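Engineer:
Residue numbers (the numbering used here): 1220 to 1494.
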């Protein structure tokens, strides 16, 4: 890795650390001042520093992923793409909704994946020749995973807010958006993620010529189970009115299946079976 890339990487790591510091709720951020000017300025600063860090991270991801006419699909490099997409989505959505606190969950992921991408030895990464259909399938899949991971993070914050609301004497909204906003955003993320996951599964069947030869049959099966859980919950929400902690449980179960189906199986193939 060239010296300029190393310098950009270190600066990006420093910026990510600063974003986390900015997003951390300070003692002056009171529940009684939801529209406080200083609070809004802090959220805006958090967003713009995160965007600058993202630019550096994208440059590094380009160096890690692409080699001449092929893509290096090691789990560490792919995880960097997922982290970039998640952080970018939070930065963009925070322009309209008060969700800057989500940076507290996505920034550590971005920091860790970037650090591993720079200093950890990748597994037996598969290299694929770049072509439009395969690139489309990979991008759709990664955006789907990123969106559903954000939904999982959002469900964790929703659980925290629910617990605060049920505990007398605690400040329910000190650093979280209103409960209704949290639930609306979670459902929107799930619908977007499920749509993208559907496209990913179908494109996988179209573009992967021999699933068994590529050792991805188990990935397709577990990912399909995850899709069923997401779909079951969304149907249950509109038919039975499932929300709150029920939404949290279903979202996390479906996401864990997704993690096992993709990241888990990819880790086993690259680092244990070395295929």
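Yeah, the Cβ is synthetic: ideal placement off N, Cα and C, and Gly gets one too.
Note that this is a predicted model, so its numbers are computed, not measured.
Alpha carbon to alpha carbon, how far is residue 1229 from residue 1235?
Structural biologist: In a straight line, the C-alpha of residue 1229 is about 10 Å away from that of residue 1235.
Engineer: Report yes if the C-beta distance between residue 1355 and residue 1422 is below 9 Å; otherwise report no.
Structural biologist: Result yes, Cβ atoms of residue 1355 and residue 1422 sit closer than 9 Å.
Engineer: Taking only runs that begin and end inside the stretch 1264–1293, name each unbroken beta strand (DSSP E) of 3 or more residues, in chain order.
Structural biologist: Counting only runs of 3 or more, we get 1289–1291.
Engineer: According to DSSP, is residue 1446 part of a helix, a strand, or is it coil?
Structural biologist: The answer is helix: DSSP assigns residue 1446 an H, G or I state.
Engineer: Going by Cα to Cα distance, which pick from 1279, 1463 and 1264 is closest to residue 1336?
Structural biologist: Minimum Cα distance to residue 1336 is reached at 1279.
Engineer: Sorted by chain position, which residues of the same chain lie with C-beta nearer than 8 Å to residue 1323's C-beta, five sequence neighbours on each side aside?
Structural biologist: Same-chain partners within the cutoff: 1239, 1242 and 1243.
Engineer: Grab me the residues of residue 1270's own chain with a C-beta within less than 6 Å of its C-beta, minus the 5 sequence neighbours each way, in chain order.
Structural biologist: Only 1310 meet the Cβ criterion.
Engineer: Buried or exposed for residue 1457, going by 16 or more other Cβ atoms inside 10 Å?
Structural biologist: Looking at its Cβ environment, which holds fewer than 16 other Cβ atoms inside 10 Å, residue 1457 is exposed.
Engineer: Shortest alpha-carbon distance to residue 1221 belongs to which of 1282, 1370 and 1261?
Structural biologist: Residue 1282 is the option with its Cα nearest to residue 1221.
Engineer: Hey, could you find the ends of the alpha helix (DSSP H) residue 1242 is sitting in?
Structural biologist: First-last of the alpha helix (DSSP H) with residue 1242: 1222–1242.
Engineer: With distances taken from CA atoms, which of 1358, 1453 and 1315 is nearest residue 1418?
Structural biologist: Residue 1358 is the option with its Cα nearest to residue 1418.
Engineer: If we ignore side chains and look at the alpha-carbon of each, how far apart do residue 1449 and residue 1470 end up?
Structural biologist: Residue 1449 and residue 1470: Cα-Cα distance of roughly 7 Å.
Engineer: At a Cβ threshold of 9 Å, is residue 1233 touching chain C?
Structural biologist: Reference to chain C is not applicable here, since this structure consists of a single protein chain.
Engineer: Taking its Cβ as the centre, do 16 or more other Cβ atoms sit within 10 Å of residue 1402, making it buried, or is it exposed?
Structural biologist: The residue is buried, with at least 16 neighbouring Cβ atoms inside 10 Å.
Engineer: Can you tell me which of the three DSSP states residue 1327 falls into?
Structural biologist: Of the three classes helix, strand and coil, the one that applies to residue 1327 here is helix, per DSSP.
Engineer: Under 8 Å from any heavy atom of the ligand SAH, does the C-beta of residue 1480 make it?
Structural biologist: Absent from the structure shown: the ligand SAH. Ligands present: none.
Engineer: Grouping DSSP H, G and I as helix and E and B as strand, with all else coil, what is residue 1505?
Structural biologist: This structure gives no information on residue 1505, because the portion of the chain shown stretches from 1220 to 1494.
Engineer: Suppose you measure from the CA of residue 1352 to the CA of residue 1383; what does that come to, to the nearest Å?
Structural biologist: Roughly 47 Å separates the two Cα atoms.
Engineer: Which one of 1264, 1306, 1373 and 1386 has the shortest CA to CA distance from residue 1332?
Structural biologist: Ranking the options by Cα distance to residue 1332, first place goes to 1306.
Engineer: Return the chain-ordered list of same chain residues with a C-beta closer than 7 Å to the C-beta of residue 1312, the five sequence neighbours on each side being excluded.
Structural biologist: Cβ within range, chain order: 1318.
Engineer: How close, in whole Å, do the beta carbons of residue 1413 and residue 1446 come, if the pair is a contact with beta carbons under 8 Å?
Structural biologist: That pair is a contact at about 7 Å.
Engineer: With distances taken between CB atoms, is the gap from residue 1367 to residue 1416 smaller than 9 Å?
Structural biologist: Yes.
Engineer: Given a threshold of 16 other Cβ atoms within 10 Å of its Cβ, counted over all protein chains shown, does residue 1339 qualify as buried or as exposed?
Structural biologist: Exposed, since its Cβ has fewer than 16 Cβ neighbours within 10 Å.
Engineer: Where does residue 1381 land, buried or exposed, given buried means 16+ other C-beta within 10 angstroms?
Structural biologist: Buried: at least 16 other Cβ atoms inside 10 Å.
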